[in-house]
Ligand code: ATP
């Protein structure tokens with residue numbers, strides 16, 4: 001364990017984000033009080049209420065302020081009163097681009113047979129990581145509109161791919177694979193149609209792979225990858241892919257792991273402050289009802305702990321989440337009747353038991 005207290009910025013955000021992060025904070029506090037973690041957290045009130053009151057979702061210089069932290073934990077941003085997501089974009093895209101969080105990582109495991117949506121596959125075969133390029137590709141925002149509102153209207157949306165961007169995400173994928181037992185990276189692209197971008201991805205993939213002779217590599221087109229994720233997810237270990245394909249495939253993969261209530265994500269820049277958040281949004285339909293599943297946020301905190309150098313705590317947290325689901329202490333999204341607070345308490349108890357063992 002590192003000696004200096006680690007500083008964690010906590011942004012609960014909106015809707016169920018606040019409810020699930022409250023559970024994570026109780027858990028983190030219990031772990032800290034038990035002497036297992038030397039850390040401080042600072043909660044920031046960025047989000048919809050602040051935006052509606054001031055026109056700004058965060059104070060000026062807010063993103064810069066985050067650089068001084070060891071990690072950032074986020075709940076969710078989204079509010080029906082702000083239909084264009086302006087406040088969420090300020091915060092989430094601000095972090096992604098200004099902090100250059102170029103890796104979006106989704107780790108997908110299915111803990112329990114009853115959460116497995118596939119008939120032909122066992123839960124234990126679902127264990128994969130999707131490494132999505134997070135800063136360029138088709139989502140880089142390049143393009144424009146001509147003759148808007150006329151019959152001659154033209155919209156252009158460009159896919160921008162850089163050697164630097166592709167190389168660093170592929171290298172990160174191989175590093176992740178090297179730390180996993182199966183040591184395999186699958187490149188997913190659409191090089192048969194998107195030829196120019198595809199050629200750069202494929203050539204770079206081959207060159208970076210040569211630096212990792214101990215890691216197996218293969219390749220699938222994005223449409224085949226979607227099919228294979230459902231047909232035979234066991235063939236995947238680490239998947240590396242462009243922003244748009246990663247967006248779509250990682251939601252598909254989240255379903256294999258038991259759905260949004262369990263899906264965790266990390267937005268990383270190795271060696272710099274990185275951000276951890278559940279995959280789900282603010283879910284206004286269930287906000288305030290005590291129905292939100294806190295386990296995706298808890299699992300995101302597990303990814304955070306692993307990233308800031310506490311693998312044993314992260315393992316204990318994974319085991320605590322698994323035990324909570326196995327003991328059927330779950331919210332309605334997983335077929336249970338328990339409240340957010342009851343699930344939070346159960347996972348906290350199991351975490352402390354793990355740490356005693
Ligand atoms: P946003 O607009 O902020 O993305 P959303 O409601 O459109 O929010 P999500 O919150 O990602 O999208 O999820 C869609 C639905 O899935 C929610 O409306 C909710 O019913 C359900 N859901 C999402 N997360 C959870 C959770 N943690 N626990 C229980 N149900 C959830």
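Numbering (the working numbering), first residue to last: 1 to 357.
Glycine residues also receive a C-beta, built at the ideal position from the N, C-alpha and C atoms.
Since we're looking at a predicted model, the values are computed, not measured.
{"Asked": "Distance cut-off 7 Å: residue 12 Cβ against heavy atoms of the ligand ATP", "Found": "no"}
{"Asked": "Contact test: residue 325 Cβ vs the ligand GTP heavy atom, cutoff 7 Å", "Found": "Absence of the ligand GTP is noted for the structure shown, with the ligand ATP being the only ligands found."}
{"Asked": "Residue 107 in three-state terms, based on DSSP", "Found": "strand"}
{"Asked": "Identity of the residue in 96, 154, 47 and 121 nearest residue 267 by Cα", "Found": "96"}
{"Asked": "Helix, strand or coil at residue 344 [DSSP, three-state]", "Found": "helix"}
{"Asked": "Buried or exposed by the 16-neighbour rule on C-beta atoms within 10 Å, applied to residue 275", "Found": "buried"}
{"Asked": "Residues near residue 244 in its chain [Cβ-Cβ closer than 7 Å; skip 5 each side]", "Found": "137, 138 and 139"}
{"Asked": "Close beta carbons around residue 1, own chain, < 6 Å, minus the five adjacent residues each side", "Found": "Interpretation of residue 1 is limited by its pLDDT of 44, a score under 50 that renders its predicted location unreliable; the figure taken from the coordinates is listed afterwards. There are no such residues."}
{"Asked": "Simplified DSSP state of residue 156, which is helix, strand or coil", "Found": "strand"}
{"Asked": "Rounded straight-line distance, which links the Cα of residue 73 to that of residue 353", "Found": "24 Å"}
{"Asked": "Own chain residues within Cβ distance below 6 Å of residue 303, not counting five before or after", "Found": "264, 266 and 276"}
{"Asked": "Reduced DSSP secondary structure (H/G/I, E/B, other) of residue 128", "Found": "strand"}
{"Asked": "Residue nearest to residue 200 in terms of C-alpha spacing, selected from 167, 158 and 305", "Found": "167"}
{"Asked": "Local Cβ density within 10 Å of residue 306, reported as buried at 16 or more and exposed below that", "Found": "buried"}
{"Asked": "Whether residue 299 touches residue 321 by CB criterion (8 Å)", "Found": "yes"}
{"Asked": "Check: residue 83 C-beta below 7 Å from any heavy atom of the ligand ATP", "Found": "no"}
{"Asked": "Cβ neighbour criterion (16 or more within 10 Å) applied to residue 152", "Found": "exposed"}
{"Asked": "Proximity test, residue 150 beta-carbon vs the ligand ATP heavy atom, cut-off 7 Å", "Found": "no"}
{"Asked": "Buried versus exposed, by CB contacts within 10 Å (16 or more), residue 250", "Found": "buried"}
{"Asked": "Given 8 Å, three or more beta-carbon pairs between the stretch 74 to 90 and the stretch 187 to 202", "Found": "no"}
{"Asked": "Residues of its chain near residue 17, where Cβ-Cβ distance is below 6 Å and the 5 sequence neighbours each way are ignored", "Found": "75, 76 and 282"}
{"Asked": "Rounded Cβ spacing between residue 269 and residue 101 (contact assumed at less than 8 Å)", "Found": "5 Å"}
{"Asked": "Burial state of residue 291, where buried means 16 or more other Cβ atoms lie within 10 Å", "Found": "buried"}
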